[in-house]
Amino acid sequence: MIRSAIAKLQIFFLSVAFFTCAAAFESPQSIDPARLVGEFQLEDQYGGSFGVEQFKGQWSMVFVGFTSCPDVCPVTLANLEAVRAEMGFRMSPERIPNIVFLAVDPDRDRSVLKDYLAYFHPQYVGITGREAEINKLIKSLGEFYRLDRKSVDEKNYNVTHTAIVSIINPEAKLVAKISPPFHPHKTGEYLIKLINEQMRLIDKG
Amino acid sequence: MRFYFGSSALLATALWIVVASVPSLAMDSGQQALVIEDAWSPQMPPNVSMAAGYLTVVNISAVPVTITSLSSPAYHAVAIHRSLIENGVASMVKVKDLVINPGQRLKLSPGGLHIMLMNRKSKSASTESLPIELKLDDGNVIDVTLNVIPGRVQSPQTEQVTDHSKHMHHGS
Ligand SMILES: [Cu+2]
Numbered sequence: 001m002i003r004s005a006i007a008k009l010q011i012f013f014l015s016v017a018f019f020t021c022a023a024a025f026e027s028p029q030s031i032d033p034a035r036l037v038g039e040f041q042l043e044d045q046y047g048g049s050f051g052v053e054q055f056k057g058q059w060s061m062v063f064v065g066f067t068s069c070p071d072v073c074p075v076t077l078a079n080l081e082a083v084r085a086e087m088g089f090r091m092s093p094e095r096i097p098n099i100v101f102l103a104v105d106p107d108r109d110r111s112v113l114k115d116y117l118a119y120f121h122p123q124y125v126g127i128t129g130r131e132a133e134i135n136k137l138i139k140s141l142g143e144f145y146r147l148d149r150k151s152v153d154e155k156n157y158n159v160t161h162t163a164i165v166s167i168i169n170p171e172a173k174l175v176a177k178i179s180p181p182f183h184p185h186k187t188g189e190y191l192i193k194l195i196n197e198q199m200r201l202i203d204k205g
Numbered sequence: 206m207r208f209y210f211g212s213s214a215l216l217a218t219a220l221w222i223v224v225a226s227v228p229s230l231a232m233d234s235g236q237q238a239l240v241i242e243d244a245w246s247p248q249m250p251p252n253v254s255m256a257a258g259y260l261t262v263v264n265i266s267a268v269p270v271t272i273t274s275l276s277s278p279a280y281h282a283v284a285i286h287r288s289l290i291e292n293g294v295a296s297m298v299k300v301k302d303l304v305i306n307p308g309q310r311l312k313l314s315p316g317g318l319h320i321m322l323m324n325r326k327s328k329s330a331s332t333e334s335l336p337i338e339l340k341l342d343d344g345n346v347i348d349v350t351l352n353v354i355p356g357r358v359q360s361p362q363t364e365q366v367t368d369h370s371k372h373m374h375h376g377s
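Sequence order for the protein chains is A and B. Under my numbering, think of the first position of the first sequence as 1, with each following residue one higher. Under my numbering, think of the first position of the second sequence as 206, with each following residue one higher.
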């Protein structure tokens, strides 16, 4: 009884989340007022600890994915790289967001994350860790993922995850969401405007 | 379509990869119903046990042909998948039967329809080629070699910007 009520509640929250996503889909959305990212404790691909402090000091784009994703994840990373390249023409390098790949499938991601990023994009940061800590960051960003795993022995399971990228400012605040397709020119244009405006506010204090 | 029938030899020479057929089950003319072009797989990092494959399949016969299953000596499981982004959520679904209609040219490319190679059998992946087998509903089996392409996957967005002759709507 209680369990079914909780299930219903979960479905309700999920549909709210989906509805919100649907509204945001394809056009970038600013988060106003900007929201400080909550505490979490993960590790980067070199084993260094990565928490909310590590968002401070530079712009970041957080992308939710997993390494056993040979099709859509490499495409999204390539698209985001194209956005960064576009921004590079018109913006000083220290304002261009770093890409942070939040790997949500630690059982398979932990051992390969370093190689995966070294292979595709050595300058990117990859973070993963304990499920509970991953969930804290996911929740704080308002994102969603699900391991489609029927048992612990299953090896070929898929991971359903949000394709929306969170933009985090140098004060570790969530300021915007961008959605696929990440058209280099349009997305780059939006981010340049957003970042320049935000930097003006930050500089004013 | 009729044109393709008569000039299949010519067509075949123009194609990147020509497919082997199973003689006993081949069609009347000895003609294979499906022609595979541009079969490739982006090279994955050494210890990632999943990979994707892409190709273009052309049905040069007069009847629909279905790819019913796939296999590879190098992977435990192979299937056709479709990547979907719906309401901002990315997922992959298995495509059980892939039907290619007469005259249809179906392109599998990154971010959409793909061949999913799951759970690699050997410790290390081949850096050159990857053999797969496609089983068809007409009883034929097609051997395809995916060329392993090193380097990162290109952004389809960039491709779209720089190459206006290419259209991205295939298979959607
Ligand atoms: Cu797949």
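Glycine is no exception: its CB is placed at the ideal position from the N, C-alpha and C atoms.
Enclosing beta strand (DSSP E) for residue i [first to last residue]
| i | result |
| --- | --- |
| Met255(B) | Element bounds for Met255(B): n/a, residue is neither H nor E. |
| Tyr280(B) | Tyr280 to Glu291 |
| Gln29(A) | Gln29 to Leu36 |
| Ala238(B) | Here Ala238(B) belongs to no beta strand (DSSP E), and DSSP marks it neither H nor E. |
| Lys340(B) | Ser334 to Leu341 |
| Tyr145(A) | Tyr145 to Asp148 |
Nearest to residue i (by Cα), restricted to the options the options
| i | options | result |
| --- | --- | --- |
| Gly293(B) | Glu143(A), Met199(A), Thr67(A) and Asp32(A) | Glu143(A) |
| Val100(A) | Gly88(A), Val152(A), Cys69(A) and Ile167(A) | Ile167(A) |
| Thr332(B) | Leu239(B), Ser246(B) and Val240(B) | Ser246(B) |
| Arg110(A) | Tyr46(A), Asn169(A), Ala34(A) and Glu171(A) | Tyr46(A) |
| Val353(B) | Leu239(B), Met249(B) and Val300(B) | Met249(B) |
| Leu260(B) | Asp342(B), Ile337(B) and Asn345(B) | Ile337(B) |
| Val298(B) | Ala34(A), Thr160(A), Gly126(A) and Lys150(A) | Thr160(A) |
| Gln123(A) | Asn98(A), Leu137(A) and Glu133(A) | Asn98(A) |
| Ser27(A) | Tyr190(A), Val125(A) and Glu131(A) | Tyr190(A) |
| Leu42(A) | Pro184(A), Ser151(A) and Lys136(A) | Lys136(A) |
| Pro355(B) | Met61(A), Ala176(A), Leu80(A) and Tyr119(A) | Tyr119(A) |
| Ile265(B) | Asp348(B), Asn252(B) and Gln237(B) | Gln237(B) |
| Phe40(A) | Glu81(A), Ile127(A) and His121(A) | Ile127(A) |
| Ala169(A) | Asn196(A), Lys155(A) and Ile138(A) | According to the sequence displayed, residue 169(A) carries Asn and not Ala. Among Asn196(A), Lys155(A) and Ile138(A), the Cα nearest to that of Asn169(A) belongs to Asn196(A). |
| Lys340(B) | Glu242(B), Ile285(B), Pro315(B) and Ala295(B) | Ile285(B) |
| Lys301(B) | Leu275(B), Glu291(B) and Ile290(B) | Leu275(B) |
| Ser49(A) | Arg130(A), Leu201(A) and Lys155(A) | Arg130(A) |
| Leu77(A) | Leu174(A), Arg149(A), Lys155(A) and His121(A) | His121(A) |
| Tyr145(A) | Leu289(B), Ala295(B), Ala330(B) and Glu291(B) | Ala295(B) |
Identity of the residues DSSP links to residue i by a beta bridge
| i | result |
| --- | --- |
| His319(B) | His286(B) |
| Gly65(A) | Ala103(A) |
| Glu43(A) | Ser49(A) and Thr128(A) |
| Ala176(A) | Ser30(A) and Ile167(A) |
| Trp245(B) | Tyr259(B) and Asn352(B) |
| His161(A) | Tyr145(A) and Ala295(B) |
| Thr271(B) | Val304(B) |
| Asn264(B) | Leu239(B) |
| Leu311(B) | Val262(B) |
| Asn98(A) | Ser60(A) |
| Ser277(B) | Tyr280(B) |
| Val346(B) | Lys340(B) |
Bounding residues of the alpha helix (DSSP H) (the contiguous stretch that carries residue i)
| i | result |
| --- | --- |
| Ser140(A) | Glu131 to Leu141 |
| Met297(B) | Here Met297(B) belongs to no alpha helix (DSSP H); instead the beta strand (DSSP E) covers Val294 to Lys299. |
| Asn196(A) | Pro184 to Lys204 |
| Lys155(A) | Where Lys155(A) is concerned, there is no enclosing alpha helix (DSSP H), given that its DSSP letter is neither H nor E. |
| Glu86(A) | Val72 to Gly88 |
| Phe55(A) | First-last for Phe55(A): undefined, no H or E at that position. |
| Ala330(B) | No alpha helix (DSSP H) contains Ala330(B), which DSSP labels as neither H nor E. |
Contact set for residue i: own chain, Cβ-Cβ below 7 Å, skip 5 residues either direction
| i | result |
| --- | --- |
| Lys326(B) | Ala279, Tyr280 and His281 |
| Ala267(B) | Pro307 |
| Leu147(A) | Asp105, Tyr157 and Val159 |
| Ala176(A) | Pro28, Gln29, Ser30, Ile31, Ile167 and Leu194 |
Cutoff 8 Å; reference residue i; Cβ partners in own chain excluding five residues on either side
| i | result |
| --- | --- |
| Thr67(A) | Cys73, Ala103, Asp105, Arg108, Asp109, Val112, Leu113 and Tyr116 |
| Ile96(A) | Trp59, Arg84, Met87 and Gly88 |
| Met199(A) | Arg95 |
| Asn324(B) | Ser254, Met255, Tyr280, His281 and Ala282 |
| Leu80(A) | Met61, Phe63, Ile99, Val165 and Phe182 |
Residue i vs residue j beta-carbon contact at 8 Å
| i | j | result |
| --- | --- | --- |
| Arg287(B) | Gly308(B) | no |
| Ser335(B) | Ser254(B) | Sequence inspection shows Leu at residue 335(B); the Ser mentioned does not correspond to that position. Cβ atoms of Leu335(B) and Ser254(B): not closer than 8 Å. |
| Leu239(B) | Val283(B) | no |
| Ala256(B) | Leu313(B) | no |
| His319(B) | Asp153(A) | no |
| Ala172(A) | Lys56(A) | yes |
| Val244(B) | Val346(B) | The sequence given here places Ala at residue 244(B); Val does not occur at that position. No, they are not a contact pair. |
| Asp44(A) | Val125(A) | yes |
6 Å CB neighbourhood of residue i in its chain, flanking five on each side removed
| i | result |
| --- | --- |
| Ser140(A) | Val37 and Gly38 |
| Met232(B) | Summary for Met232(B): the model assigns pLDDT 45, below 50, so the residue's position carries little reliability; its value from the coordinates is reported in the next sentence. Nothing meets the Cβ criterion. |
| Val304(B) | Pro269 and Thr271 |
| Thr187(A) | Val83 and Ile178 |
| Met91(A) | Ile192 |
| Asp342(B) | Thr271 and Thr273 |
| Pro228(B) | Summary for Pro228(B): the model assigns pLDDT 39, below 50, so the residue's position carries little reliability; its value from the coordinates is reported in the next sentence. Taken in chain order, the list of residues that qualify is empty. |
| Ser151(A) | none |
| Ile164(A) | Lys177 and Ser179 |
| Val263(B) | Val240 and Arg310 |
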